[in-house]
Amino acid sequence: MANLKNIRPKALLGLLAIALLPILAACSSTDNPLTTISPKSDVADDIQQLYKIIFVIAMVVFIVVETLLLYAVIKFRRRPNDGIPKQVHGNTVMEITWTIIPALILVAIAVPTWITIFEIDDVPDDAYMIEIVGHQWWWEATYPDGQVTANEIHVPSDRTIGFTLDTADVLHSFWIPQLFGKQDLIPGRTNTLWFTPNPGTEGRYLGQCVEFCGASHANMRLEMIVDSPADFAAWTSGLESPAPAATALAATGYDLFASKGCVACHTISGRNDAIGIIGPNLSLFGSRLTLGSATLDNNTVNLTAWLQDPEDIKPGNIMSKSAPIYNNPGLAMADTEIDALVAYLQSLK
Amino acid sequence: MASAVGAIGAAGAAPSESGVWSWITTVDHKRIGVLYGVSAILFFLLGGSEAFLIRMQLASADADLISSGVFSQLFTMHALTMVFLAIMPLGAAFFNFLIPLQIGARDVAFPRLNALSYWLFLFGAILLNSSFVFGGAPDAGWFAYANLTSTTYSPGDSMDFFTLGLLVLGVSSLAAALNFVVTILNMRAPGMTLMRMPVFTWMALIVSFLLVFALPILTVGLVELLLWRFFDMPFFSAEFGGDPLLWQHVFWLFGHPEVYILILPAMGIVSEILPTFSKKPLFGYTAVVFAGVAIAFMGFAVWAHHMFTVGLGPVAIAAFSASTMLIAVPTGIKIFNWIFTLWGGSLDLRTPMLFSLGFVSLFIIGGLSGVMHASPPLDRQQQDTYFIVAHLHYVLFGGSIMGLMAGIYFWFPKLTGRMMGEGLGVIHFWLMFIGMNVTFGPMHLVGIMGMPRRIYTYSEGSGWEFMNQLESVGAIILAIGLIIFAVNIFRSLRSGEVAGDDPWDARTLEWSISSPPPVYNFDAIPVVYSKEPFWDQKHPELAHDKPPADAVAPVAEDPASIHMPNPSYWPIIVAFGASLMAGLVIVNPYLAFIGGAITMMGVYGWIFEPAGPEEHH
Ligand SMILES: [Cu+2]
Ligand SMILES: [Cu+2]
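So, in structure tokens, the structure goes:
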């Protein structure tokens with residue numbers, strides 16, 4: 146027992162460090178792109194502030210109550226010559242105490258909760274509004290001036306950004322944990338959401354659909370790119386006039402994009418034959434960093450794999466389910482055709 | 025269970041009361057309890073295997089073990105199985121076996137209805153699971169949010185198995201609940217006022233009322249879903265004036281009380297075990313009872329905490345967050361009363377006690393994480409992540425399952441006449457306790473790191489790899505624990521130490537009769553003067569409420585003259601007909617008339633069957 150006493154503080158510190166390590170790791174947004182405790186906006190900061198209050202209260206209650214329990218178990222464990230203990234039936238004062246104290250603790254949680262609810266509720270009037278529409282299993286974004294993009298949503302860093310949220314099919318939930326908490330997309334109603342990026346937070350933020358929406362729910366991610374105002378202006382104007390195909394291969398791809406039926410589902414601005422709306426808008430696809438709603442890096446290997454067999458990457462997706470090229474063996478694409486399409490798509494910058 | 029069968033059959037029963045036929049026709053509450061218990065444990069193993077496969081798929085990033093489609097079926101069926109086919113029927117097993125024994129009755133109020141409940145449960149469970157072989161199990165999550173459940177997004181029959189299976193199971197639970205309410209209110213031994221009832225029976229009464237009020241709500245939702253899918257009645261289609269949110273309101277208005285339906289039986293069990301193994305009465309009996317009642321009432325006013333992110337508006341979510349937090353008060357009352365039951369006691373740390381203490385310590389964690397996402401802004405970051413998965417497993421595994429395990433170890437001797445092995449029991453407890461924390465503990469962290477629930481895969485670089493690996497190791501520990509549990513059950517049935525009537529020096533009436541109890545339970549219906557009649561009988565000098573001086577001891581009846589209800593095969597026929605009807609609806613609604621005809625025939629036979637023994641005495 147004496148030895149135990151000596152090592153106890155050190156051992157406790159060690160245990161604490163082990164317990165805290167993963168928590169500290171969870172704060173790092175580079176290792177955990179979806180972490181909920183590395184806020185980069187005013188709204189996320191508000192939630193984080195509240196989280197800290199409630200977490201600390203919960204931790205204190207946890208330690209007090211579990212210690213009490215453990216103490217009772219150790220202190221009152223049966224010893225060989227124990228008789229029948231005193232038959233205590235209860236104590237009204239104690240009952241009242243442990244009714245009132247938890248109630249007070251809950252008030253301490255409820256009041257800041259209510260304040261935060263109202264703080265993060267209404268979209269400010271001056272917000273830059275982007276319309277989001279969820280599809281099985283990708284995201285569409287429409288900007289105030291009518292530009293459309295998908296899955297990789299750029300926003301300016303110097304303004305409050307607002308979203309209207311709708312769905313084209315089933316329920317989804319829009320969530321970019323470092324920037325804002327989730328909000329559901331529900332048929333028949335338009336929800337809203339907003340945030341203002343903190344200064345100096347330009348960069349890429351991962352998001353994820355968090356309402357189960359079918360086979361490829363796990364692969365329904367997105368990226369939000371917070372741009373400096375200048376970058377953002379350049380990007381939106383680029384959306385309207387993507388560069389034309391530059392190489393011969395890309396030019397072949399341009400034609401294949403029509404003859405293989407891609408145009409039926411995909412829009413590319415500047416092409417009047419490609420105005421499909423079943424799939425993501427592919428204008429500026431060449432400058433996208435990710436592919437397949439942020440499930441893969443956008444590079445030649447992954448894009449080729451996607452065009453060869455989308456089903457393998459996103460089970461159940463509408464492109465492999467409905468496009469004739471994937472359902473009619475007679476129309477299947479040759480590798481050279483896929484190379485040409487890849488070259489064409491990558492030229493859209 | 026063969027020897028359990030033998031053991032019970034041997035105890036004061038005629039020879040005709042053994043063999044398969046006697047189990048099919050039984051209306052004895054103890055045997056029906058055994059049927060419920062054995063089936064529930066088998067389904068628990070099935071649901072556990074589903075969970076195990078899920079954990080193996082998630083053990084590493086980008087794993088390829090299970091396809092997305094199968095994965096969706098697994099997590100949906102895992103939840104449905106654990107909720108409706110394992111924990112609820114385990115609760116029903118305890119209710120069946122214990123309520124009459126604890127209140128000094130010879131059976132439940134409606135023995136044949138009781139048998140019907142069981143057979144409906146079994147056939148409903150089989151119907152639901154048969155979807156695996158008939159084109160795929162339900163795969164839209166256990167709360168099956170509309171409009172993913174429409175014929176457009178869930179073509180095929182899987183969602184019809186969901187609807188019809190749950191409808192059958194709902195009828196089963198509703199009938200059982202009404203039976204228990206009537207039994208508890210009407211069949212208590214003389215002198216057992218409501219406030220002298222054992223706490224377990226109190227919790228059973230509360231759960232039964234919860235079922236009576238909550239299940240019809242689910243039934244309404246399921247019927248709407250059925251009409252929507254079969255006849256295009258657009259309850260949940262926004263484009264035709266319906267609303268997908270209607271389903272969420274209906275489902276959770278049932279679903280939250282359901283949480284208490286799952287946890288209160290375990291709370292009742294623990295409230296019996298802690299006093300027995302502390303050799304002290306339950307601290308604050310009245311407070312514990314009224315906290316249970318309060319939880320049940322408030323449970324109907326918090327459902328929208330599952331819907332904080334659907335856009336109900338700030339006032340509504342502020343109100344529902346308040347009502348949800350308020351439930352922590354009666355829950356806290358229970359926890360403190362349990363702790364102070366231990367205080368000053370003489371704690372015997374045998375297996376039932378270990379599981380009970382495990383229950384209290386783990387339930388505290390589940391309760392606290394619950395308070396965290398009762399705060400809607402926090403819920404915006406936690407909802408539909410693994411943080412919620414962690415929370416619900418601390419409540420339902422750390423809570424319900426640990427409590428029910430405690431109950432199994434505690435009442436096994438009463439049921440079978442034999443003790444469960446203590447050594448294996450202790451190993452089983454520690455494997456469960458450690459395995460549970462290793463499996464579900466890291467889920468808190470991985471949830472805070474943003475891992476969504478219901479994803480069949482995640483990418484390298486998500487930061488979740490290590491935690492998921494750890495969780496899967498935990499699942500293996502849990503699996504080993506369950507194997508030990510199974511071994512312990514079989515060994516104890518065969519060669520467990522003979523228990524005697526009162527192996528734990530316990531406090532309530534069921535321990536005053538032989539183990540296993542005779543078919544008629546009590547030869548003399550006891551007269552009750554206090555909350556702990558058996559303890560007070562053993563220690564009259566310590567008794568709080570003493571019998572009056574002129575009290576006469578009840579006279580034992582001659583067992584041969586005690587009339588027990590006749591066995592009947594009509595319940596299984598009615599249950600079979602009704603379940604067949606439900607199943608045939610999926611094939612072709614007209615064929616369902618066949619099942620309907622069998623049901624009608626069963627009901628007809630049931631009505632004209634003589635209920636008691638023919639001769640009079
Ligand atoms: Cu989704
Ligand atoms: Cu709830």
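Protein sequences appear in the order of chains A and B.
Last residue of the first sequence: 494 (this note's numbering), numbering continuous.
Last residue of the second sequence: 641 (this note's numbering), numbering continuous.
Even glycine gets a Cβ: it sits at the ideal position worked out from N, Cα and C.
Computed from a predicted structure; not experimentally measured.
With DSSP run on the structure shown, which of helix, strand or coil describes A/Q491? Under the three-state reduction of DSSP, A/Q491 is assigned to helix.
Residue range of the beta strand (DSSP E) that includes A/A286: W283 to T287
Check A/P301 in the structure and name its three-state DSSP category. strand
At what residue ranges does the segment 188-265 of chain A contain a whole run of the alpha helix (DSSP H), taking only runs of 4 or more? Along the segment 188-265 of chain A, the alpha helix (DSSP H) occurs as fully enclosed runs of 4 or more residues at 237-264, listed in sequence order.
Taking just the CA atoms, how far does B/V58 sit from B/V236? 23 Å
With a threshold of 16 other CB atoms inside 10 Å of the CB of B/D163, please say whether the residue is buried or exposed. buried
Decide if A/H317 is buried, meaning its Cβ has at least 16 other Cβ atoms within 10 Å, or exposed. buried
Does the Cβ of B/M331 have 16 or more other Cβ atoms within 10 Å, making it buried, or fewer, making it exposed? buried
With 8 Å as the threshold, decide whether the Cβ of A/D266 is near any Cβ in chain B. Yes, A/D266 lies at the interface with chain B (some Cβ there is under 8 Å from its Cβ).
Can you give the Cα-Cα distance for B/Q13 and B/V419, rounded to whole angstroms? The requested residue 13 of chain B is not part of the displayed model; chain B covers only 25 to 641.
Where does B/P589 fall in DSSP's three states? The three-state reading of DSSP puts B/P589 in coil, since its state is none of H, G, I, E or B.
B/A315 to B/L277, Cα distance in whole Å? 20 Å
What residues in its chain sit with their C-beta under 7 Å from that of B/R220, if we drop five residues either side in the sequence? V552, S554 and K555
Would you say the beta carbon of A/H317 comes nearer than 7 Å to a heavy atom of ligand 1? yes
How far does the beta strand (DSSP E) with A/K327 in it reach, from first residue to last? F325 to L330
Partner residues on chain A for B/L381, Cβ-Cβ distance less than 7 Å: Here the neighbours are V218.
Among B/I48, B/G337, B/H468 and B/F264, which has the Cα closest to the Cα of B/L416? B/H468
A/G348 bridges to which residues according to DSSP? Per DSSP, A/V371.
Determine the closest residue to B/H568 out of A/Q194, A/Q232 and A/L214, with distance taken between C-alpha atoms. With distances taken between CA atoms, B/H568 lies nearest to A/Q232 out of A/Q194, A/Q232 and A/L214.
Rounding to the nearest angstrom, what Cα-Cα distance links B/L137 and B/F204 in this structure? 11 Å
Three-way DSSP call (helix, strand, coil) for B/V552 in this model: coil
In the DSSP output, what is A/Y273 paired with across the bridge? A/I306
Through-space distance from B/W594 to B/L140, alpha-carbon basis: 8 Å
Beta-carbon neighbours of B/V334, restricted to chain A and to distances below 8 Å: Those within 8 Å of B/V334 in chain A are D329, I331 and N336.
Could you tell me which uninterrupted beta strand (DSSP E) segments, each at least 3 residues in length, are contained entirely in the segment 280-356 of chain B, listed from first to last along the chain? none
Note down the Cα distance separating B/G30 from B/F436, rounded to an integer number of angstroms. Confidence at B/G30 is low in this model, with a pLDDT of 35, below 50, so the placement of that residue should be treated as unreliable; the coordinate-derived value is given next. In a straight line, the C-alpha of B/G30 is about 15 Å away from that of B/F436.
Just to confirm, does B/M467 get its C-beta within under 7 Å of one of the non-hydrogen atoms of ligand 1? Result no, Cβ not under 7 Å from ligand 1.
Comparing the CB of A/M365 with every heavy atom of ligand 1, is any distance shorter than 7 Å? yes
Local conformation of B/W276 per DSSP, three classes: helix
What would DSSP say about B/I90, mapped onto helix, strand or coil? coil
May I ask you to list the residues that DSSP assigns as paired with A/W339? A/G307
Where DSSP assigns a beta bridge to A/A295, which residues make up the other side? A/E285
When the distance is taken between beta carbons, is A/S428 closer than 8 Å to A/K494? no
Within 7 Å: the Cβ of A/H362 and any heavy atom of ligand 1? yes
Given that B/I357 touches chain A, what residues does it touch there, using C-beta distances under 9 Å? Those within 9 Å of B/I357 in chain A are E240, W243, T244 and P247.
Determine the DSSP secondary structure at B/F642, reduced to helix, strand or coil. Summary: the structure shown does not reach residue 642 of chain B, with chain B confined to residues 25 through 641, and so no result is reported for it.
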